[in-house]
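Single-structure report; data block below.
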Amino acid sequence: MTQSNRLNQGGRIDRSRRLSFTFNGQQYMGFAGDTLASALLANGVDVVNRSFKYSRPRGITAAGPEEPNAIVQLGATEAAQVPNVRATQQALYDGLVARGTNGWPSVQRDVMSWVGKLGGGFMPPGFYYKTFMAPASMWMTYEKFIRKGAGLGRSPSEADPDIYDHFNQHCDVLVIGSGPAGLTAALSAARAGARVILCDEQEEMGGSLLDSRESIDGAPASAWAEQAVAELAGLDNVTLLPRTTANGYHDHNFVTLHERRTEHLADTAAAAGREGEVRARLHRVRAGRVVLASGSHERPLVYANNDVPGNLVAGAVSVYIRRYGVVPGQRLVLSTNNDHAYRAALDWQEAGREVVAVVDSRAKPDGDLAKQARDAGIRVITGSAVMEATGNQRVSGAKVVAIDTERFVVTGKVETLECDTIASSGGYSPVVHLASHTGKRPQWRDDLLGFVPGEVKGMHVAGGAHGVYALGEALADGAGVGAEAARAAGFEEAAAIAVPDVEVRHESPTSALYQVPHEKPPLRAPKQFVDLQNDVTAAAVELATREGFESIEHVKRYTALGFGTDQGKLGNINGMAIAARCLNRSIPDVGTTVFRPNYTPVSFGAIVGRHCRDLFDPERYTALHQWHVENGAEFEDVGQWKRPWYFPRRVNGKRETMHEAVARECLAVRRGVGILDASTLGKIDIQGPDAREFLGRVYTNKWAKLAPGRVRYGLMCKDDGMLMDDGTTSCLGENHFLMTTTTGGAAGVLEWLELWHQTEWPELQVYFSSVTDHWATMTVTGPDARKLMSEVTDIDLDREQFKFMDWKEGKVAGVPARVFRISFTGELAFEINVQANYAMHVWKALFAHGEKYDLTPYGTETMHVLRAEKGLIIAGQDTDGSVTPEDLGMHWAVGYDKPFSWIGQRALTRPDTAREDRKQLVGLKPKDPKVVLEEGAQIVLDPEQKIPMTMMGHVTSSYYSPVLESGFALAVLKGGRNRMGETVYLPMSDGSVHQAEVVSTVFIDPKGERQNV
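Our numbering numbers the first residue of the sequence shown as 1 and each following residue consecutively.
The structure is reproduced here in structure tokens:
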């Protein structure tokens, strides 16, 4: 297990800590500080995967998040499986187990490769759609085999043993990237006193300084980076987040950061000895200002067979040599169009390996690095490029030819150079992905041959992210931008730090070369890959333009350019350049595709955080829950709440059925007094000078004159005019209201209020607070309710002093309370609101005094029977998103003459909402009193009609009433209000047909006398 490509010295690895790992079933050795990619290269592993479409052998190409090929499946156990991990970003740990995501039966001997070899020419863009169009019925079968043939890893089939979490953070300045510009930006902002968060996706901070050949203040650049990081780490106002990727940049400088906390140590936190610690964390950061110092990605050149293992981007060669002490081959050919790539040849030679030649597309490169190469005896071939790589599972040679970059033609004879590694560099692309997440299009700059971020409010760009590449200039740029960001965040005295001394290096201009011309046209030449992850070739892009796809977004979707986890990091600019050449347009005219979050893959665990298992949909309990449990309640789920459904008793040694218990509870309320735990009703505290105005806009009825101490019922519609929720709102003060909502609709209503306030009426001074959990609500209802309440409260309960739809403050059982005279049963009722911590005391006091009145607890099922007997609706049960207030017969609760249009008013003026044949709320009384209609049962007028029958409506609520001694129901029926007294029919699935009479929705006390006593 010798590491054939490992240097005897050098790199930032810890050679005293040897680590064992397994890749594709073979055991290897590496060192602490390695990535999986560097360890594989050190061990001479050439083929790490098979390509997505053609199953071609693929090797490691890059050294960072832009790596397209080395996408691996990680995990030693089934539960620890993680798909689509970049080997270049995975830190090596002892016992790591990984394998390529594609290739059967193995990556080395993949059966599907023969399909790629023999049938590759028959698989152009759109192949799947064109070939498998017919017969349409076979597509599902085709799809199974297509998916099996392709793929990038698999999800685990066992539960994830790790935990994850979310952090909400605020800072004055968020710096993304810890390269030279990021470090100086962070230092400037931090020294000014700003709260700074500095994040970087690498294992250690420093970015390109960690593999730089240059010096800062006369010392290695990496040493200066270490000093800068040490200073930042010692500041209380700075948070350093290594191994943390900024994955999403959203409105108002809201940025999501994905921190990998134990993924560098073991498969699971427990295996790393960190049981109980989180594996990954998602930081939700709201920053005053954002400094984007994300750097740039080096573009490879597009040439024939540029995917054969042994083809790397030039910068990656230097990274592996200087950071990891790994030389990924023996004999190197470098193909470049710029000066900076020459450092790969110099590093290679200094590592003791042979540089066969540097092939430069420019006629006269005269930069300092080019001179150093010549002085070192390296052969430099100018005006030329590598046209084609030879070899199968490893590069064996490079075909070099003179080219004319402007005319895109070969101008000389081919020379074949023997080598096992080809490094290429086509220039640099600023990392604009995060800035693009905000919707701002990047801007093309001819001087950079790349796109730079568009202007985003609150964002400052530094260093390579906007094309400032020279080390000294990047340090100065970062320092200035960091101070600027701090000043914008309120630190007016912020100033740029003193920039350290860096020797200025002369560089020749970069030539505009993206694709290397071949002796044969692209459609006939060996495959020239643009997007290595998705197997998109130059020929595919050219074919797409020939077939009429001129928009780069259409080209992307037709060819899959920039799809998947790659997001076009290496291939997008090259693909655009090829499309531009084919369309005879410029690159800025062709434009760029839109980048969306996430920048790199994020595990579902990190996205979910703690919102899983028991916390995914947590159970909520009222302050009285324990009493309900102790008194034998059966529960039902209402939203997230556990609500008492009914309270069965033992009668003559036998436990009551639900039907028996509900009948008893109903009669107790109608004849005596009952009590309901209504604490789950949504409660929203609304305050502000414009509270009344706001209520008038979100409710259908009027609120301008509601006096303190009064309560009003209101309907809330969506903007389509359909009912979304209902409830009462009480005036607590001139500018203070308490809104109640349905239990299941509380969160949605609060979100709805905030949405309209923040997006449509931000000028209104009004504030909302959820107080559902703050207050416990107990409803005492029935003919004896006043008698019971008079024994426990100091409030005057006289009918004239405390009218229906009034509320008063006082004490109940010695506890400060708000008492409301509102009724959801049609009986005399008092709703008691007390702070939740006192609820149990008040509840027990009521039962102590209520014993003489046979005070009976009742649950939600009885509540439904009682409210339905009075024709009172439940939003979401008697409505379904297609019902208006008029359909419910509630025109009395709609104020069409209000001065300001309320939500849904315009929609209710549409002719469709005024049709007489709309479904309208009615009551149904079965002809057979023993029948309880099924909720959801369809209503027809002709039971003899052949299927499909004309359905006129459906049952929304149906119960048995012990008071009526009959089943009864609420329903929505087309033209229902004009069908009173008619007989309708309800066919059942067993073939039976029920008959029912259309009646009023109010079955008991139509005049409302019982609740007004």
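Cβ atoms here follow ideal geometry from the backbone N, Cα and C, with glycine treated the same way.
Because the structure is a prediction, the values reported are computed rather than measured.
Write down every uninterrupted run of the beta strand (DSSP E) in the stretch 696-749 whose length is 3 residues or greater and which is fully enclosed by it, in chain order. Counting whole runs of 3 or more residues, the stretch 696-749 contains the beta strand (DSSP E) stretches 711-717, 723-733, 736-741.
Thinking just about the alpha-carbon of each residue, which of G177, F254, A194, L92 is nearest to the one in N168? By 1-based counting over the sequence shown, the position of residue 168 is 168. Across the set G177, F254, A194, L92, the C-alpha of F254 shows the shortest separation from the C-alpha of N168.
Straight-line Cα distance separating T565 from P83: Taking the first residue of the sequence shown as position 1, residue 83 is located at position 83. Taking the first residue of the sequence shown as position 1, residue 565 is located at position 565. So the two alpha carbons sit approximately 11 Å from each other.
Is there contact between the stretch 271-290 and the stretch 354-369, where contact requires at least three CB pairs shorter than 8 Å? The answer is no - the stretch 354-369 does not touch the stretch 271-290, with fewer than three Cβ pairs under 8 Å.
Closest residue to V972 among L434, S882, W843 (Cα-Cα distance): As a position in the sequence shown, residue 972 is number 972, starting the count at 1. Among L434, S882, W843, the Cα nearest to that of V972 belongs to S882.
Is there contact here, the stretch 287-304 with the stretch 45-58, by at least three beta-carbon pairs under 8 Å? The stretch 287-304, when compared against the stretch 45-58, does not touch it at the 8 Å Cβ threshold.
Can you tell which of E851, L715, D880 has the C-alpha that lies nearest to the C-alpha of I1086? No information on residue 1086 is available, as it lies outside the stretch 1 to 1013 that the chain covers here.
Of all the options S511, L543, R505, V504, which has the alpha carbon lying nearest to the alpha carbon of P521? Counted from its first residue, the sequence shown places residue 521 at position 521. It is L543 whose Cα lies nearest to the Cα of P521.
Sort D796, H433, V669 by Cα distance to H466 and report the nearest one. Residue 466 sits at position 466 when you count from the first residue of the sequence shown. Of the listed residues, the one whose Cα sits closest to H466 is H433.
If we count the other Cβ atoms within 10 Å of its Cβ and call it buried at 16 or more, is R670 buried or exposed? Locating residue 670 in the sequence shown gives position 670, where the first residue counts as 1. By the 16-neighbour rule on beta-carbons within 10 angstroms, R670 is buried.
If we require 3 or more residues per run, which beta strand (DSSP E) segments fall completely within the stretch 574-652? DSSP runs (the beta strand (DSSP E)) wholly in the stretch 574-652: 634-638, 641-646.
Whole angstroms are fine: how far does the CA of T860 sit from the CA of S957? Stepping through the sequence shown from its first residue, residue 957 is reached at position 957. Stepping through the sequence shown from its first residue, residue 860 is reached at position 860. Between S957 and T860, the C-alpha separation is close to 13 Å.
Does DSSP classify A402 as helix, strand or coil? Position 402 of the sequence shown, counting from 1, holds the residue named residue 402. Note: A402 maps to strand in three-state DSSP.
Coarse secondary structure for H841, derived from DSSP in three states: For this step, residue 841 is matched to residue 841 along the sequence shown. If DSSP states are grouped into helix, strand and coil, H841 belongs with the helices.
Return the residue from the list H297, V698, E734, N534 that minimises the CA-CA distance to K705. Looking up residue 705 in the sequence shown gives position 705. With respect to the C-alpha of K705, the residue from H297, V698, E734, N534 having the closest C-alpha is E734.
Among G25, L41, N24, which residue has its Cα nearest to the Cα of F31? Taking the first residue of the sequence shown as 1, we reach residue 31 at position 31. Measuring from the Cα of F31, the nearest candidate turns out to be L41.
Counting C-beta neighbours from all protein chains within 10 Å, is the total for H170 16 or more, i.e. buried, or is it exposed? For this step, residue 170 is matched to residue 170 along the sequence shown. Classification for H170: exposed.
Determine which residues share a DSSP beta bridge with C171 and list them. Locating residue 171 in the sequence shown gives position 171, where the first residue counts as 1. DSSP output for C171 lists A287 as bridge partner(s).
State the Cα-Cα distance for the pair T131 and G11, rounded to the nearest angstrom. Within the sequence shown, the letter at position 131 stands for residue 131. Within the sequence shown, the letter at position 11 stands for residue 11. Looking at the two C-alpha atoms, the distance is approximately 51 Å.
Does the Cβ-Cβ distance between A496 and A836 come in under 8 Å? Here residue 496 corresponds to residue number 496 of the sequence shown, with the count starting at 1. Here residue 836 corresponds to residue number 836 of the sequence shown, with the count starting at 1. No.
Residue of T22, A233, D14, N24 minimising C-alpha distance to G33: The residue you call residue 33 lines up with position 33 of the sequence shown. Per the Cα distances, D14.
Taking all protein chains shown into account, do 16 or more other C-beta atoms lie within 10 angstroms of the C-beta of H757, making it buried, or fewer, making it exposed? Counting from 1 along the sequence shown, the entry for residue 757 is found at position 757. H757 is buried by the Cβ-count criterion.
Member of N392, G871, R906 whose CA lies at the smallest distance from the CA of V1002: In the sequence shown, counting from the first residue as 1, residue 1002 sits at position 1002. When N392, G871, R906 are compared, the shortest CA-CA separation from V1002 is found for G871.
Hey, out of L681, H659, G727, whose CA is closest to L695's CA? Counted from its first residue, the sequence shown places residue 695 at position 695. Residue G727 is the option with its Cα nearest to L695.
Residue range of the unbroken beta strand (DSSP E) whose run includes G388: On the sequence shown, residue 388 is found 388 positions in, with the first residue counted as 1. For the sequence presented, residue 388 should be read as Glu rather than Gly. Its beta strand (DSSP E) spans residues 384-391.
On the criterion of 16 or more Cβ atoms from any shown chain inside 10 Å, does R596 qualify as buried, or is it exposed? Translated into positions along the sequence shown, residue 596 becomes position 596. R596 comes out exposed.
Measuring only the C-alpha atoms, how far is N1044 from G95? No statement about residue 1044 is possible, as the shown extent of the chain runs from 1 to 1013 and does not include it.
Assuming W807 and G709 make a contact with CB atoms under 8 Å, what is their CB distance in whole Å? To locate residue 807, count along the sequence shown from 1; it is residue 807. To locate residue 709, count along the sequence shown from 1; it is residue 709. Right, the Cβ-Cβ distance comes to about 6 Å (below 8 Å), so this counts as a contact.
Three-state secondary structure (DSSP) of W892: Along the sequence shown, read from residue 1 onward, the residue named residue 892 stands at position 892. Correct three-state label for W892: helix.
Grab me the residues of R286's own chain with a C-beta within less than 6 Å of its C-beta, minus the 5 sequence neighbours each way, in chain order. Your numbering for residue 286 matches position 286 in the sequence shown. If the five residues before and after R286 are omitted, its C-beta is found closer than 6 Å to the C-beta atoms of H170, F254, all from its own chain and listed in chain order.
Mind checking which residues open and close the alpha helix (DSSP H) that includes G426? Walking along the sequence shown from the start, residue 426 turns up at place 426. For G426, there is no enclosing alpha helix (DSSP H), since its DSSP letter is neither H nor E.
According to DSSP, what are the bridge partners of T22? Translated into positions along the sequence shown, residue 22 becomes position 22. Answer is Q27, V97.
Can you tell me whether DSSP reads P926 as helix, strand or coil? Translated into positions along the sequence shown, residue 926 becomes position 926. P926 falls in the strand class under three-state DSSP.
Who pairs with C199 in a beta bridge, going by DSSP? Numbered from 1 along the sequence shown, position 199 holds the residue referred to as residue 199. Partner(s): I176, L241.
In angstroms with no decimal places, state the Cα-to-Cα distance between S215 and A351. Working through the sequence shown from its first residue, we reach residue 215 at position 215. Working through the sequence shown from its first residue, we reach residue 351 at position 351. Computed Cα separation, rounded: 19 Å.
To the nearest angstrom, how far is the alpha carbon of E809 from that of L908? Translated into positions along the sequence shown, residue 809 becomes position 809. Translated into positions along the sequence shown, residue 908 becomes position 908. E809 and L908 have their C-alpha atoms roughly 39 Å apart.
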